[in-house]
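Novice:
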Amino acid sequence: MEGNLLLAFSLTLVAGLATGIGSLLAFFTSTTNTKFLSFSLGFSAGVMIYVSMVEIFPEAKNTLTQAQGEVRGIWLTVIAFFTGMILIALIDRFIPEQGNPHDVKKVEDMNVSPEDVQNQELLKMGTFTALAIAIHNFPEGIATFTATLQDPALGIAIAIAIAIHNIPEGIAISVPIYYATGSKKKAFKLSFLSGLAEPAGAVLAYFLLMPFLTDTVFGMVFSGVAGIMMFISLDELLPAAKRYDEAHSSIYGLMAGMMVMALSLLLML
Numbered sequence: 001m002e003g004n005l006l007l008a009f010s011l012t013l014v015a016g017l018a019t020g021i022g023s024l025l026a027f028f029t030s031t032t033n034t035k036f037l038s039f040s041l042g043f044s045a046g047v048m049i050y051v052s053m054v055e056i057f058p059e060a061k062n063t064l065t066q067a068q069g070e071v072r073g074i075w076l077t078v079i080a081f082f083t084g085m086i087l088i089a090l091i092d093r094f095i096p097e098q099g100n101p102h103d104v105k106k107v108e109d110m111n112v113s114p115e116d117v118q119n120q121e122l123l124k125m126g127t128f129t130a131l132a133i134a135i136h137n138f139p140e141g142i143a144t145f146t147a148t149l150q151d152p153a154l155g156i157a158i159a160i161a162i163a164i165h166n167i168p169e170g171i172a173i174s175v176p177i178y179y180a181t182g183s184k185k186k187a188f189k190l191s192f193l194s195g196l197a198e199p200a201g202a203v204l205a206y207f208l209l210m211p212f213l214t215d216t217v218f219g220m221v222f223s224g225v226a227g228i229m230m231f232i233s234l235d236e237l238l239p240a241a242k243r244y245d246e247a248h249s250s251i252y253g254l255m256a257g258m259m260v261m262a263l264s265l266l267l268m269l
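For the sequence shown, the tail end lands on 269 under our numbering, and the numbers increase by one without skipping.
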């Protein structure tokens, strides 16, 4: 258990700080490889959808039916699943439109000169985006943490999927901050810090959930995690992947993500 705890915290940290990779890409590339971006986002969605519905939801259902009985357990599983979806939907609902992380940015989308816009507006946009992404990443940290405690292989897969979709978010934060301040250091720092919301979510899960982690609590949290991941996949990853789609690369990425996840789970049997 102690080893899993360390791995869980480490994975949430790595996944969250992938925003820093996006920041670096924004500074050192002039265009986005849209085909690769589309495939990667589709791949991330494929991993999340497959894991949510084939592994996490059934595991939560089994745990809850054993703890609470067949009928009550199934009801609790379904309620927790949709509660997770509603939670992440509410977070999105109250994020200002200009800072919504679902509006994935390409490098060239943000390639404006300081003379074209007011620096204060750019600074405001970048700051809002950083705050929005930090809020949005918080439940993702809880998802990665709880999944790793249950099954380290699942946790690794989820962390990779989340890290992939955090990269464009790093671009969305760092470029407007850079053009507003003229400082790559400040832009990278804010992008980097926004990713710390994911390990913060893991810390919250540890202190609030661990003391009360009965089978029932775990099953409901796990089912809620499945709901969160499904919402992120359907509302964020797939629309973003289709936006930059070239030659069906997003659906190929989706299929590849599902197949890689399925194969990795089969190899562990």
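Idealized CB from N, CA, C, for every residue including glycine.
Using only alpha-carbon positions, find the residue among F39, I164, A157 and P176 that is nearest to I251.
Specialist: Checked all of F39, I164, A157 and P176; the closest Cα to I251 is F39.
Novice: Measuring alpha carbon to alpha carbon, tell me which residue in L234, V51, K35 and R93 is nearest I160.
Specialist: V51
Novice: What separation, rounded to the nearest whole angstrom, lies between the Cα atoms of T83 and G182?
Specialist: 42 Å
Novice: Within 10 angstroms of its Cβ, does L6 collect 16 or more other Cβ (buried), or is it exposed?
Specialist: exposed
Novice: Just to confirm, is the Cβ distance from S194 to I177 under 8 Å?
Specialist: no
Novice: Short of 7 Å in beta carbon distance, which residues of its chain neighbour T216, apart from the five on each side in sequence? Order them along the chain.
Specialist: L64, A67 and Q68
Novice: Looking only at its chain, what residues have a beta carbon closer than 7 Å to the beta carbon of I162, apart from the 5 residues adjacent to it on each side?
Specialist: A15, E140 and T144
Novice: Here's the rule I'm using: 16 or more other beta-carbon atoms within 10 Å means buried, otherwise exposed. How should V112 be labelled?
Specialist: At V112, the pLDDT of 49 sits below 50, so the modelled position is not reliable and the matter cannot be decided from this model.
Novice: Using only CA atoms, which one of K61, V71, S233 and N4 lies nearest to I164?
Specialist: S233
Novice: I believe T11 touches I156 by the beta-carbon criterion, under 8 Å. Please report the beta-carbon distance rounded to the nearest angstrom.
Specialist: Reading off the sequence shown, one finds Leu at residue 11, where the question assumed Thr. With 8 Å as the limit, L11 and I156 qualify as a contact, their Cβ atoms being about 6 Å apart.
Novice: CB F81 to CB A180, shorter than 8 Å?
Specialist: no
Novice: What's the C-alpha gap between G201 and L87?
Specialist: Straight-line Cα distance between these residues: approximately 14 Å.
Novice: Look up T214 in the DSSP assignment and say whether it is helix, strand or coil.
Specialist: coil
Novice: For K270, count neighbouring C-beta atoms within 10 Å of its own C-beta (all shown protein chains included) and say buried if the count is 16 or more, exposed if not.
Specialist: As shown, the chain starts at 1 and ends at 269. That puts residue 270 outside it, with no answer to give.
Novice: In chain order, which continuous runs of the alpha helix (DSSP H) of length 4 or greater are located wholly inside the segment 148-182?
Specialist: Restricting attention to alpha helix (DSSP H) runs no shorter than 4 residues, the segment 148-182 encloses them at 152-181, ordered along the chain.
Novice: Given this structure, state the Cα-to-Cα distance separating A89 from T146, to the nearest angstrom.
Specialist: The alpha-carbon atoms of A89 and T146 are separated by roughly 20 Å.
Novice: For A134 and L154, I'd like the C-alpha separation in whole angstroms.
Specialist: 23 Å
Novice: What is the C-beta distance between I167 and A18, in whole angstroms, given that I count them as a contact (C-beta under 8 Å)?
Specialist: Between the beta-carbon of I167 and that of A18 there is about 6 Å, and that keeps the pair under the 8 Å contact cut.
Novice: Among the candidates R243, F28 and A197, whose CA atom is the shortest distance from the CA of K35?
Specialist: R243
Novice: How long is the line joining the alpha carbons of V71 and L209, rounded to whole angstroms?
Specialist: 25 Å
Novice: CB A45 to CB L196, shorter than 8 Å?
Specialist: no
Novice: From S249 to V47, what distance separates their C-alpha atoms?
Specialist: 15 Å
Novice: Please state whether DSSP places F28 in a helix, a strand or coil.
Specialist: helix
Novice: With a cut-off of 8 Å on the beta carbons, I'd call A60 and S223 a contact; round off their distance for me.
Specialist: A60 to S223, Cβ: 4 Å. Contact.
Novice: Apart from the five residues on each side of it in sequence, which residues of its chain come closer than 7 Å, Cβ to Cβ, to P314?
Specialist: Missing from the structure shown is residue 314; the chain here goes from 1 to 269 and no further.
Novice: Using beta-carbon positions only, say whether I79 and H136 come within less than 8 Å of one another.
Specialist: no
Novice: Which of the three DSSP states is assigned to L196 in this structure?
Specialist: coil
Novice: With a threshold of 16 other CB atoms inside 10 Å of the CB of T77, please say whether the residue is buried or exposed.
Specialist: buried
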